[in-house]
Structure formats: structure tokens, C-alpha cells
Amino acid sequence: MKLSLTLEIELSMIPTLEKHQRILIAPLHWGFGHATRCIPIIHHLISLEKDVAIAGDNASFAMLQRRYPTLTSFELPSYKVRYGNSLTLSMFLQGPRLIATYRKELKEVDRIVKEWQPDVIISDNRFGVRHKDTHNIYLTHQLNIQHKKKSIALFANLLHRRFIHQFDECWIPDNKERDLSGRLSDSSEIRIPCKCIGALSRIKLSLEDPTIELLVLLSGPEPSRTKFEESIISNESLSQRIVCIVRGTDSKRLKNYPANFTIHNIVDQEELTSFINTSAAILCRSGYSTIMDLQDYDRPKYYIPTKGQTEQEYLAEYHDGKKGVKVLKNGQNI
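So the sequence shown is numbered by the numbering used here: it starts at 23 and just counts up by one.
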């Protein structure tokens with residue numbers, strides 16, 4: 023496969039997997055972040071002439087299939103995670119269905135391994151994507167779940183580590199200093215080998231004179247994504263500004279969009295890179311993949327963490343005031 027020259031990223035920290043040839047990569051569908059951060063890894067492995075296959079579900083999987091049409095691909099069961107104001111409560115209520123999906127995932131991976139026979143599986147936060155006959159790598163930046171209630175954090179971490187320890191090693195998309203992930207990637211309680219492989223981003227920044235006053239990036243699972251969208255289009259402080267909004271979905275657009283908004287549903291890497299490089303400021307969630315993409319963007323960045331999603335709340339607080347970051351509450355004027 024011919025590699026895109028637009029993906030100019032630092033790959034030196036990503037392991038070469040030199041003893042292995044056939045690699046299956048499977049990101050979780052939780053918005054597009056898990057899939058987009060796998061792009062540098064896929065790119066890296068293809069450049070090493072590895073035989074790569076992808077697996078996933080929903081729109082993020084379709085995005086990878088469009089980007090890599092010649093790669094073997096396998097569809098996995100969808101977790102269809104939804105949550106409201108409390109991620110903890112939502113996950114608890116959805117527990118039986120998530121467990122059932124996890125079991126389906128294990129069975130489907132067993133079928134894939136028998137059919138395609140990979141040497142290595144790289145699972146980006148998919149607990150059921152592993153197999154006894156392969157070398158299993160778990161990709162995550164969150165090894166130390168943060169929560170204001172210590173009892174919930176303790177239980178969540180014990181459960182998470184139980185799954186992590188079923189893999190052979192863990193890759194952390196950050197540098198050794200944990201500059202981007204902070205306490206989230208503390209691996210002191212993890213019993214399998216952990217490697218920091220550097221930040222993973224598909225975006226090449228070369229900032230230009232701005233033509234967009236504010237770029238708004240919507241992301242994440244429903245219904246929080248739609249609520250975020252509604253709060254943006256009703257924000258009166260944006261009514262007189264040149265706003266470009268990337269909705270992150272092909273779903274039907276909401277009504278009452280202001281006339282000064284330029285609206286895009288799902289954009290490819292080149293379009294997103296162009297929007298970022300020509301924007302005077304960016305408004306988005308404090309998702310980790312977004313933070314990696316924008317780490318060198320030295321213009322104003324406004325983060326609105328998803329309410330109740332403790333990871334984003336921690337990351338917003340951790341980065342507030344650094345490199346142009348300002349954390350806002352939903353509906354707060356910019």
C-alpha cells in the first residue's frame with residue numbers, strides 16, 4: 023500500500039514488533055478518537071511491510087475502512103454505549119448488555135483468529151479483543167481511573183486492571199513524563215509490561231493566517247454529543263463570529279443553525295488539518311485523542327469536558343492554563 027505523505031508524525035517510539043508479521047488492530051468505538059489514534063500505528067506497521075488487518079464497529083470503523091480500503095477488515099459487536107449526566111450510573115445500568123457484548127466479542131475474535139491467524143492483536147480499549155494463541159497488546163492512556171469518590175475509583179480500577187492483566191503488554195500513548203495524560207497513565211499498579219510509545223496524532227500542524235474565528239469540534243457518544251451541539255448553536259456569544267463546526271456524525275442536522283456557521287458532518291484528515299491550521303481558536307471536548315492532536319496548537323483552545331465523564335474532567339483540569347487552554351462550562355460565553 024502506498025503511504026500518505028501527509029501523515030508526517032514521530033514514529034520512533036512505536037515498537038517495530040520485529041518478530042511478528044501479521045497484526046490485527048481493533049479500536050473501541052467511543053466517538054472517533056480511539057480509531058484516529060490508531061492511524062499512526064497502522065501507518066507505522068504498513069511502512070514496516072507488516073500484514074495489517076483492522077476490526078471495529080460503527081462510524082469509526084467505516085472511517086478506517088475508507089482510509090485503508092485494501093486492508094482486511096472484520097466487524098465486531100457494538101457496545102453502543104450511551105450515558106447522561108453520570109457515566110458511573112449509566113455504565114452500571116448498561117452493565118448486563120455490556121457483558122453480553124463482551125462475550126460476543128470474545129467469540130468473534132476467536133473466529134477471526136482461526137480465519138486470519140494474526141501473530142499480534144493490538145486492542146485499543148476493547149477488553150474482548152485478545153486470544154490465547156496471539157501476543158495481546160492493550161493500548162490505553164487510562165491506567166488509573168480518576169473519580170471524586172475514592173470508593174468508586176478503587177472499584178473501577180480493580181475491575182479495569184483485572185481486564186488489563188489478561189493482556190501480555192500495555193502501550194501508553196504518551197511520553198515517559200506523562201505530559202499529556204498526567205495521573206491517568208500511572209502504571210505503578212499494572213503487573214504486565216508497560217511501554218510509553220509517544221503521543222499518537224494524525225494531524226500535521228503548520229498554522230496559517232486565520233480565516234476561521236472559531237473551529238468547533240463535536241465528538242463522543244450520544245446523547246452527550248447532541249447536547250453539546252445544541253449548546254453551541256444556542257450560544258448567543260457566537261452569533262456574530264465566523265464559526266466552522268465539525269459535527270462528527272452523519273446524523274440529521276439540528277434545526278436553527280445560525281447563518282454565520284459553516285457546517286460539516288464528518289471530515290477526512292486533510293480537511294480537518296486545514297481547518298485547524300486556519301483557525302484563530304478551537305472549542306472542543308477534552309478527549310485524550312483531541313488533546314494529542316492539539317498539543318502543539320499554540321492558539322486559544324477552549325475545552326468543555328463531558329459532564330460526568332471523569333476522564334475528561336480530570337484532563338480539562340490538568341491542562342487548564344497550559345499552552346493556551348481555557349476550560350469552560352456548557353453554555354459559558356467565549
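Even for Gly, the Cβ is constructed at its ideal location relative to N, Cα and C. Note that the structure is a prediction, hence the values are computed from the model and not measured.
Rounded to a whole number of angstroms, what is the C-alpha to C-alpha distance between residue 84 and residue 97? 10 Å
For a minimum of 4 consecutive residues, which ranges assigned as the alpha helix (DSSP H) are wholly contained in the region 36–95? 55–69 and 80–89
Between residue 71 and residue 37, what straight-line distance do the alpha-carbon atoms span, to the nearest angstrom? 14 Å
Residue 309, buried or exposed, once every other Cβ within 10 Å from all chains shown has been counted against 16: buried
In this structure, how does DSSP classify residue 30 when only helix, strand and coil are distinguished? At residue 30 the pLDDT is 42, less than 50, meaning the model places this residue with poor confidence and gives no usable figure here.
Distance CB(residue 130)-CB(residue 148) smaller than 8 Å: no
Taking its Cβ as the centre, do 16 or more other Cβ atoms sit within 10 Å of residue 282, making it buried, or is it exposed? exposed
Residue interval of the alpha helix (DSSP H) (run including residue 311): 310–315
With 16 other CB atoms within 10 Å as the buried threshold, where does residue 133 fall? exposed
Return the CA-CA distance between residue 225 and residue 300, expressed in angstroms with no decimal places. 13 Å
Taking contact to mean 3 or more Cβ pairs, one atom from each stretch, closer than 8 Å, check whether the region 330–340 and the region 265–278 are in contact. no
Out of 313, 228, 67 and 258, which one is the CA nearest neighbour of residue 345? 313
Could you give the distance in angstroms between the alpha-carbon of residue 208 and the alpha-carbon of residue 165? 6 Å
I'd like to confirm the pairing. Which residues does DSSP put opposite residue 160 in its beta bridges? 145 and 192
Through-space distance from residue 58 to residue 219, alpha-carbon basis: 16 Å
Drop a sphere of 10 angstroms on the beta-carbon of residue 258, count the other beta-carbons inside from all chains shown, and report buried for 16 or more, exposed for fewer. exposed
Where residue 31 and residue 62 are concerned, what is the direct C-alpha to C-alpha distance, given to the nearest angstrom? Note that residue 31 has pLDDT 43, beneath the 50 cutoff, so the model's placement of it is unreliable and the number below is only indicative. C-alpha separation (whole angstroms): 7 Å.
By the DSSP assignment, the alpha helix (DSSP H) with residue 249 in it spans what residues? 246–255
For residue 185, which residues from the same chain have a beta carbon less than 6 Å from its beta carbon, with the 5 sequence-adjacent residues on both sides left out? 149
Tell me where the beta strand (DSSP E) around residue 286 begins and ends. 283–286
With DSSP as the reference, please indicate the residues paired to residue 97 in a beta bridge. 78
Under a three-way DSSP split, which group does residue 217 fall into? strand
So which of 255, 161 and 183 has the shortest CA-CA distance to residue 55? 161
If you drop the 5 nearest sequence neighbours on each side, which residues of the same chain put their C-beta closer than 7 Å to that of residue 163? 194, 195, 196, 203, 206, 207 and 310
Since I believe residue 302 is in contact with residue 235 (beta carbons under 8 Å), could you give me their beta-carbon distance rounded to a whole number of angstroms? 5 Å
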